[in-house]
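Inspection log for the structure reproduced underneath, given as C-alpha cells.
Protein chains in written order, with full-length UniProt numbering: chain A, 1 to 494; chain B, 1 to 473.
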C-alpha cells in the first residue's frame, strides 16, 4: 500500500538522502518537470519560470534551505553586474568588481575552508578554537565560479548584463548542472534562453546517449568498482600487497573519471533534452599523451575557467618564462585547493602544476628545434606518452584520494617494497567481476569518438517505443548491479 | 522529418519508461540464473507502508538461538561449579549483552584453573613484587595485525604493572610497515613456512604459526620507535628451533646457535646506546627461526600472534612439544583467543557446528599443553553486510558468539563479548559511519582508532576483575 505520509516525506528535504540523478525520486521529478515544461513551452518567460522553480525545488531537495544562498547570490551578482555595466567611472567599476569577488570568494571560503584554517591556526598556535562543522552547501563551488565569470565578463565588457533578474536566477540555478557542474558561462548559456524549445532527432539521440552512458559510467563502472574493491584498498593501504594497491590505484583512476564524467554527461544530456547545449566536460582524458593535453581533456569547464580567470589575469605567458611557470603552478595549486580543504588536494594541485611547467619547457624546446617525428617513431612516442601521462595522473590520484598523507605514502611504500606479484591469480579469483568491469571501463575509454557518435545516431533514429524499451531494460540492469552483494575483501582469504 | 519538432519526446520516453517500470514492479516476478538471484524492481519502495521486515525477523531468530544456548549452558554449568570459587556467571548475566569478563569453571576436566583466576593471581604477585614477569599470548587474525588492539592493551598494562618492550616480533611479517610499535625491516630471502602454505611434515611451526628459514644473505633489522617504553631495547632474545652450529651475526658480533629442543632461546643484552639491532645469517646449516622478543627484566608483556585469514582452528596444528617447550622458555600466564572475522565469511550462515568441532580439539590440546595458564576467549566483533540497500549486522554474528561462549563454558575459560562492548546489533555500522570513523568500509575490520578503543575496553574489563579481586579479603 502507498503510504501518504511517506509520499509527503519524500517531497521534503532529507539530509541523509539528498537527491541525485541516479535516484528513483529523480525519475518522478523529471517526468513532472517535463510535463509542466512542455505545457508552457510556447512562452519563453513561462519556460524560464517553470525551469527556475523546478531547479530551486531540486536544490532544496539536495541541501535544504541553503537554496536561499543561490537566490541571494543571484540577487547580489545580478545587481552588481548591472551597476558595473552602467557606471562610467573606471574606479567605481573596479571597486564593485572587487566587492563582488570578495563576497563570492568569502562565502565559498566561509563554508568550505573555515575549519581547515581553524585547524592550521590551532596547529601553529597550539590553540583550541572549536571547528564550526559547517555543512557545505552543495554546488557552492560551481555557482560561485559561475557568478565570478559573469561579473568579470561584464567588467571586461565582453558581455552585456541580462535585463531580467529571472533570466539570471534561471542561469545560476539551472538544475542539471547545479550540483556537480559543469561550470557554465553566462555568455554561452543566456543567449540560449531566448531560442524556441525545439528538438530534432540528433538532440534526442545525443541526450539519450549521454544520460544512459552517464548512468552506466556512474553506477556500473564507478560505484561497482569503488564499493567492491577500491575502498578496501584506500581504507587501509598498508594491509594490502603492492599489487593490490597498484590495481586499486588503476581502479580509482576509473572510479573518479566515471563518477565525475558520468554525472557531467547526465547533466549535459538532461540539458540537451530541455533545449540547452552545454559543451562536453571530459574528452577521454586518459587518452592524453602529455599532461598539457590531459588538462585540455579533463574537467574542461574548470580548467578553462582557471585559465581565463586566474592564469591569464596573473599574467599568463606574457611576463616571461619564469613568471609563466610560476603562474601555471599557482593556478594548479589553487585549482587543487578548490577541490577541497585539505593539504592532500593542495599537494595534488602542486604536482600537476609542476608537471605542467616541466611539460611547457619540453614543448618550447621542441618548437625551437622544430623536431617532429613521424611514422612508427611518432606512434611509439605517442603510446609512451599516453602510458607516462596516465601513470603520472594515477600517482597524483593517490594523494587526491588517500585520507591522509600517511595513507598515501604507505600505499606507495607497498607498491615499491611489497609488491608480491605471485598473488595475482588469488586476487583475480577473489575479484573476478570487478576486474572484468575495470577492463571493460578502460576498453570503452579508449574507443574512438566515432563509436560514441554512432551510438547517438542509432538512438536518435530509434522509434519512440524502442527508446522506451532501451531505457527500461537499462534501468532494470542498473537495479541488478546496484544492489549486488559486495565482494568479500580479498585479505580475508589468504 | 528533420524539421519535425521532437520536444515532447523526452517526456514520452521518461513517462513511458516510468510506466513500464512501475508495471514491472507490480508484476512481482523474480528469477535466478546460476548463483545469481536477480533482484525485483520496485519503483514504489520508498512510498510503501512498511510491513514486517524480513531483516529484523532473521535477527530475532538468531537471537532466540542465542538465548536457548544461554539456558543450556546455565543448566550444564550449574551442577558442576566446584568449591564455589567461581559462581556460575550465566545465572546472573546474559552472555550476549554482558560487557565484563565472564569466568567459567571447566565442566569436563575438573581443572581448578578457572577463568582468569591464575592470571589475576599472577598480576597480584607482580604488583606486590613477588614475581618479576607476567606474559600474555594474544592470538588473533587480521583484526590484531600490526599490533592493533594489543599495543594499546600492552601500553595500559605496562603503565600500571611496569615493563617496557613490545614482546614477541616475528622474523618477517606482511604488515611490518604497518606496525608502529617497532621499526622492522628484513631481507626478501627468508623462507616462510606457515599454516597456509602446507609446509613439509618435518617442519615444526612456531607458536606464531610461522617458521622461517634463512637464505644465503638473510638479515633482519629492528629499531625502537620514539614512544614511551618502546624507545630503547634492553633484554633481547632470539627464538629458534633445533640448530647445529648455525652461525649468526648480531650487530656484527658472531654467535653460534645450538640446542636440540623444538624451541631454543639466545639471550643477549643490547648495548642500549646502539639502538638498532641487526641479525644476519652467518652460514652453517640453515636452522628454523621463530622471532625475536623485546623485554626488560620485569613487568608485563603482551605478545601479538596475528595471522591473516585464519579462524583459530589452525592452532590445532601446533605441535604439543613445541607448545610445552615454548612455555618453559617463555611462560605465558594468559592466552587470549580472538577470532571470528574469517569464520563469518558467509554472513547469513547461522550453523557453526563445523567450526565448533575443530575448535574443541584446539581447546583440548591447548588446555592440556598449557595446564597452569588462564584462557580468555574474545567473542567476535560485530560484522555487517549489505542487505538490499543498507548494512545490517550479519545473522551469523550472534550464532558464532553462542559457539564461542559454549567453548568458554566447556573448557572453563574466561569470555569477553567484544560484540556487546562495541554496542551490540548494528554497532559496526555506527563504527564505520559515525562522526569518528572507527572501522573500515568492509564493515569488518577496525581501524587504528577503533582498535585503540577496543584495547582500552579490554584493559578496563581486566582491571575491573583485578580490582574486584584486590577488594576481597
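By construction, the Cβ of each residue, glycine as well, lies at the ideal position given by its N, Cα and C atoms. Given the structure is predicted, the values throughout are model-derived calculations rather than measurements.
Beta carbon proximity, residue i to chain A, threshold 8 Å
i, result
"residue 475 of chain B", "An answer regarding residue 475 of chain B cannot be provided, because it is not within the stretch 1 to 473 covered by chain B."
"residue 9 of chain B", "yes"
"residue 84 of chain B", "Because the pLDDT at residue 84 of chain B is just 35, under 50, the model does not fix this residue reliably, and the value given afterwards should be weighed accordingly. Output row for residue 84 of chain B: interface = no."
"residue 240 of chain B", "no"
"residue 462 of chain B", "no"
"residue 55 of chain B", "The predicted model places residue 55 of chain B with a pLDDT of 39, which falls under 50 and marks its position as unreliable, so this point remains unresolved."
"residue 43 of chain B", "yes"
"residue 178 of chain B", "yes"
"residue 175 of chain B", "yes"
"residue 14 of chain B", "yes"
"residue 329 of chain B", "no"
"residue 221 of chain B", "no"
Exposure of residue i, with buried meaning 16 or more beta-carbon neighbours within 10 Å
i, result
"residue 256 of chain B", "exposed"
"residue 436 of chain A", "exposed"
"residue 422 of chain A", "exposed"
"residue 348 of chain A", "buried"
"residue 468 of chain B", "exposed"
"residue 354 of chain B", "exposed"
"residue 206 of chain A", "buried"
"residue 282 of chain A", "buried"
"residue 259 of chain A", "buried"
"residue 158 of chain B", "buried"
"residue 431 of chain A", "buried"
When the options are compared against residue i, the one with the closest alpha-carbon
i, options, result
"residue 239 of chain A", "B:32, B:148 and B:263", "B:148"
"residue 441 of chain A", "A:144, A:414 and A:224", "A:224"
"residue 23 of chain A", "B:333, B:222, B:430 and B:389", "B:389"
"residue 303 of chain B", "B:337, B:288 and B:314", "B:337"
"residue 184 of chain B", "B:279, B:440 and B:416", "B:279"
"residue 186 of chain B", "B:197, B:193, B:171 and B:194", "B:171"
"residue 211 of chain B", "B:387, B:446, B:191 and B:11", "B:191"
"residue 347 of chain B", "B:325, B:383 and B:144", "B:383"
"residue 102 of chain A", "A:307, A:77, A:270 and A:210", "A:77"
Assigned secondary structure, residue i (DSSP; H/G/I helix, E/B strand, else coil)
i, result
"residue 436 of chain B", "coil"
"residue 11 of chain A", "helix"
"residue 148 of chain B", "coil"
"residue 122 of chain B", "helix"
"residue 25 of chain A", "helix"
"residue 174 of chain A", "coil"
"residue 259 of chain B", "strand"
"residue 279 of chain A", "coil"
"residue 52 of chain B", "Confidence in residue 52 of chain B is poor, its pLDDT being 42 and thus under 50, which makes the residue's placement unreliable; the coordinate value appears in the next sentence. In this structure, residue 52 of chain B counts as coil in the three-state DSSP scheme."
"residue 375 of chain A", "helix"
"residue 298 of chain A", "coil"
"residue 109 of chain A", "helix"
"residue 140 of chain A", "helix"
"residue 454 of chain B", "helix"
"residue 210 of chain B", "strand"
"residue 158 of chain A", "coil"
Residue-chain proximity (residue i, chain B), Cβ-Cβ < 8 Å
i, result
"residue 253 of chain A", "no"
"residue 235 of chain A", "yes"
"residue 200 of chain A", "yes"
"residue 27 of chain A", "yes"
"residue 44 of chain A", "no"
Residue i beta carbon near the ligand GTP (any heavy atom closer than 7 Å)
i, result
"residue 67 of chain A", "Judged by which ligands are present, the structure shown has none, so any question about the ligand GTP falls away."
TODO: Flag this pair as touching only if the region 289-298 of chain A and the region 355-369 of chain A have three or more C-beta atom pairs under 8 Å; answer yes or no.
DONE: Yes: at least three Cβ pairs fall under 8 Å.
Task: the region 150-160 of chain A in contact with the region 118-127 of chain A per 3-pair CB rule at 8 Å - done: no
Task: Given 8 Å, three or more beta-carbon pairs between the region 268-276 of chain A and the region 229-247 of chain A - done: Contact check between the region 268-276 of chain A and the region 229-247 of chain A: fewer than three CB pairs, one atom from each, fall below 8 Å, which does not count as touching.
Open item on the list: Whether or not the region 401-419 of chain A and the region 236-251 of chain A are in contact is what I'm after, with contact meaning three or more pairs of Cβ atoms, one per stretch, closer than 8 Å; do they touch?
Closed with: yes
Open item on the list: Contact between the region 224-231 of chain B and the region 281-291 of chain B is defined here as three or more beta-carbon pairs at a separation below 8 Å; is this criterion met?
Closed with: no
TODO: Could you say if the region 185-196 of chain A and the region 151-165 of chain A meet the contact criterion of at least three C-beta pairs nearer than 8 Å?
DONE: yes
Open item on the list: Three or more C-beta pairs under 8 Å: does that hold for the region 454-464 of chain A against the region 187-203 of chain A?
Closed with: yes
Open item on the list: For the region 403-414 of chain B against the region 355-374 of chain B, do three or more pairs of beta-carbon atoms, one drawn from each stretch, fall closer than 8 Å, so that the two count as touching?
Closed with: yes
Open item on the list: Does the region 126-142 of chain B come into contact with the region 431-443 of chain B, if we say contact requires no fewer than three beta-carbon pairs (one atom in each stretch) closer than 8 Å?
Closed with: no
TODO: Inspect the CB distances between the region 324-343 of chain B and the region 134-144 of chain B and report whether three or more fall short of 8 Å.
DONE: yes
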